[in-house]
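Following: one structure in structure tokens, then a few remarks.
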Amino acid sequence: MSALELSDYRRLVIKVGSSLLIGGDDAVHRGWLEGLADDIANLQRSGHEILIVSSGAIAIGSSVLDIVRSRARLEHLQAAAAAGQVQLVHAWQEALGRHGIAAAQVLLTPEDTENRRRFLNARGTLAKLLEHGVVPVINENDTVATEEIRYGDNDRLAARVAQLVMADGLVLLSDVDGLYTADPGKDDRAEHIAEVRRIDEDILAIAGETRSDIGSGGMATKVQAARIATHAGCSTIVASGKVDHPLAVLAGGGTCTVFRAEGTPAAARKQWLAGALDVRGELRLDDGAVRALRAGKSLLPVGMAEVVGAFRRGDVVTLVDAAGRELGRGLAEYSDEEARRLAGRQSEQIEELLGYRGSSVMVHRDDLVLFDHD
């Protein structure tokens with residue numbers, strides 16, 4: 026990959042595994058982390074938006090609580106996560122703070138990325154952090170997650186985060202420099218695969234046989250994460266983190282495997298909306314709102330002439346014009362009851378009408394798709 030290609034990604038999610046960040050004594054590799062923070066600062070100065078998905082809390086916390094992870098029960102690991110998360114985020118805060126960059130801790134569960142209402146809340150929080158130049162440091166909320174309801178590894182969490190924030194690039198830092206045709210540690214004939222344009226059964230089979238990463242994931246989970254991300258329009262890069270300044274090395278043309286997305290994050294989101302089967306309500310719009318949507322604007326409350334059906338925040342609603350013709354679909358920022366109170370009103374009146382200051386739009390332009398009509 027060339028420097029030019031890496032610079033093409035505007036919003037990057039960087040996943041850092043515990044095997045890179047944490048040493049054998051369960052302490053943070055401060056020097057390595059500072060080098061990575063240097064890279065992140067350079068990318069941010071170049072106009073990139075950066076989000077970090079970082080493992081390591083349980084490893085650090087196990088040392089603090091003197092827990093042997095291989096024999097620990099779930100509640101012990103959850104306690105270790107709580108103790109270790111504080112130190113993990115503090116390490117990131119210190120490393121990024123050397124460049125005047127603020128860090129924010131964000132803990133997620135699968136419900137936060139799969140439940141539509143919580144999805145909107147999480148996305149709104151992350152968007153505001155990025156808007157203020159803050160780097161979110163994200164981890165699974167292991168203190169409340171159970172074996173039945175969890176991501177299972179931070180590769181998949183990173184892919185869900187990329188999907189959540191409509192990132193166009195996901196970098197999975199590993200202990201190897203990408204995908205090989207066989208395990209390079211066992212087979213001298215293993216060949217590096219520089220680019221994957223389609224994740225098919227052959228690629229999944231190769232990944233399952235090349236467990237190269239020593240963390241909890243392995244290459245198979247990285248390929249599964251790449252499949253999630255590429256379907257969301259986000260290209261995925263698997264690269265070595267076992268070097269100083271790994272992102273700088275990558276930007277300089279370092280060896281990696283790139284899983285190419287077929288389209289853009291926006292196109293993937295709109296394709297999903299267009300095919301949504303569970304449509305819960307209908308918003309009938311005035312002519313001004315129709316013109317605004319066709320000009321690429323969001324739907325404001327003032328443009329709603331009528332609200333039909335029962336729906337909750339995050340549900341898919343259909344958008345129709347005065348003649349009843351379906352214009353498109355979108356994710357509702359308010360429930361049907363709230364939408365009825367807001368219909369025809371200015372955004373400045375939302376707090377007065379609802380008693381709290383919510384979104385200024387009814388459907389954000391990133392969350393709607395318009396249909397072509399002959």
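Per this note's numbering, residue 26 is the first one in the sequence shown, and the count goes up by one each step.
We treat Cβ as the ideally placed atom computed from N, Cα and C, and that holds for glycine.
These figures come from a predicted structure and were not determined experimentally.
TODO: Determine the direct distance from the alpha carbon of T261 to that of L198, and round the result to whole angstroms.
DONE: 11 Å
Task: Any non-hydrogen atom of the ligand ADP within 8 Å of I65 CB - done: This structure simply doesn't include the ligand ADP, nor any ligand for that matter.
Open item on the list: What does the Cβ neighbour count give for A230, buried or exposed, with the cut at 16 atoms within 10 Å?
Closed with: exposed
- [ ] Report the three-state DSSP secondary structure of L344 (helix, strand or coil).
- [x] strand
Task: Cα-Cα separation between E226 and H256, rounded to whole angstroms - done: 16 Å
TODO: Compare the beta carbon distance of G194 and R35 with 9 Å and say whether it is the shorter of the two.
DONE: yes
Open item on the list: Do V190 and R252 count as a contact pair if the criterion is CB distance below 9 Å?
Closed with: no
Open item on the list: Going by beta-carbon coordinates alone, are G203 and A264 separated by less than 9 Å?
Closed with: Yes, these two residues count as a Cβ contact at 9 Å.
- [ ] Would you kindly work out how many angstroms separate the C-alpha atoms of D391 and L298, rounded to a whole number?
- [x] 11 Å
Task: N- and C-terminal bounds of the beta strand (DSSP E) containing E136 - done: Segment 135 to 139 is the alpha helix (DSSP H) holding E136; no beta strand (DSSP E) there.
- [ ] Answer yes or no: do E358 and L379 have a C-beta to C-beta separation smaller than 9 Å?
- [x] no
TODO: Just mark V20 as buried or exposed, buried being the case when its beta carbon has 16 or more other beta carbons within 10 Å.
DONE: Past the boundaries of the shown model lies residue 20; the chain is included only from 26 to 399, so the question cannot be answered.
Task: Beta-carbon contacts of S372 that lie in its chain and below 8 Å, excluding the five residues immediately before and after - done: L325, P326, V327, S385, V386
Task: Under 9 Å between C-beta atoms of A82 and N164 - done: Result yes, Cβ atoms of A82 and N164 sit closer than 9 Å.
Task: the stretch 208 to 227 touching the stretch 267 to 277, judged by at least three CB pairs closer than 8 Å - done: no
Task: Nearest residue (CA-CA) to E216, options N67, A276, V201, I224 - done: Taking only the C-alpha atoms, the option nearest E216 is V201.
Task: Inter-stretch contact at 8 Å, needing at least 3 Cβ pairs: the stretch 43 to 56 / the stretch 98 to 117 - done: yes
Open item on the list: Pop quiz: V315 and D346 are said to be a contact at Cβ under 8 Å. What is the actual Cβ separation, rounded to whole angstroms?
Closed with: Rounded, the Cβ-Cβ distance is 5 Å, consistent with contact.
Task: For M244, the three-state DSSP class (helix, strand or coil) - done: helix
- [ ] Give the DSSP bridge partners of P161, in chain order.
- [x] A129
TODO: Kindly indicate which three-state DSSP category K40 falls into: helix, strand or coil?
DONE: strand
Task: Endpoints, the alpha helix (DSSP H) within which V274 is located - done: 271 to 276
Open item on the list: If distances are taken between C-alpha atoms only, which option among R223, S80, I47, I224 comes closest to L182?
Closed with: S80
Open item on the list: Counting C-beta neighbours from all protein chains within 10 Å, is the total for Y381 16 or more, i.e. buried, or is it exposed?
Closed with: By the beta-carbon neighbour count (other beta carbons within 10 angstroms, threshold 16), Y381 is exposed.
- [ ] Label V5 either buried or exposed according to how many other C-beta atoms from any shown protein chain fall within 10 Å of its C-beta, with 16 as the threshold for buried.
- [x] There is no way to answer for residue 5, as the model of the chain reaches only from 26 to 399.
- [ ] Following the continuous beta strand (DSSP E) through G353, name the residue where it begins and the one where it ends.
- [x] 351 to 356
Open item on the list: For N179, tell me which candidate among G306, S44, G233 has the shortest Cα-Cα distance.
Closed with: It is S44.
TODO: Would you decide whether K153 is buried or exposed? Buried here means 16 or more other CB atoms lie within 10 Å of its CB.
DONE: exposed
TODO: Determine the DSSP secondary structure at T282, reduced to helix, strand or coil.
DONE: strand
Task: Ordered list of beta strand (DSSP E) runs contained in the stretch 142 to 226, each at least 3 residues - done: 160 to 165, 194 to 199
Open item on the list: According to DSSP, simplified to helix, strand and coil, what is D33?
Closed with: The answer is coil: DSSP assigns D33 none of H, G, I, E or B.
Open item on the list: Given a cut-off of 9 Å on the beta-carbon distance, is the pair R309 and A330 in contact?
Closed with: yes
- [ ] Measure the Cβ-Cβ separation of R123 and E59 and say whether it is below 9 Å.
- [x] Taking 9 Å as the Cβ cut-off, R123 and E59 qualify as a contacting pair.
TODO: Go ahead and pull the three-state DSSP assignment for L378.
DONE: helix
Task: Among C281, Q130, V162, A187, the one whose alpha carbon lies nearest that of E139 - done: That would be A187, whose Cα lies nearest to the Cα of E139.
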